[in-house]
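What follows is a set of notes on a single structure, which appears directly below.
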Amino acid sequence: MRTVEGWKKARPVLEAWRQKLTDVRVVLKSPRAVDITPIDFATGEPVAAHQAPKKKFKAKLIFFTKDDATLRRPSGAVLMLDTYELESLSNGKTRVVP
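In case it helps, our numbering puts the sequence shown at residues 1126 to 1223.
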């Protein structure tokens, strides 16, 4: 697997993934809640059981800058992650390490 380090060098790879809406494997430095949780609007409390935070998940890259990346989960949730939260992004052939 080819590894690209830094956003500057990874820009062409990330742009290709964004344009093709490629599924990428996201690895975070620390676990985080990444899925949609239904909320009861009357009480403001979650309706479903709380989901465990995840460190690894799949998503599509929809936008990126040098400071953050915007990802869409298969559930439809849109996540905006700062680069300091990301450990790596990978499509199986190329791995990007910010």
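Glycine is no exception: its CB is placed at the ideal position from the N, C-alpha and C atoms.
| Of the residues Pro1156, Leu1196, Leu1186, Pro1223, which one's Cα is nearest the Cα of threonine 1208? | Pro1223
Task: C-alpha gap between valine 1221 and arginine 1136, whole angstroms - done: 10 Å
| field | Counterpart residues of serine 1215 in DSSP-defined beta bridges | value | Arg1150, Arg1220
- Report yes if the C-beta distance between valine 1149 and proline 1163 is below 7 Å; otherwise report no. no
Note to self: How far does the beta strand (DSSP E) with valine 1172 in it extend, from its first residue to its last?
What the structure shows: Taken as a continuous stretch (DSSP letters only), valine 1172 belongs to no beta strand (DSSP E), as it is neither H nor E.
| said: Please state the DSSP three-state secondary structure of lysine 1181. | reply: strand
| Roughly how far, in whole angstroms, is the beta-carbon of leucine 1186 from the beta-carbon of arginine 1143, given that I think they are within contact range, below 8 Å? | 5 Å
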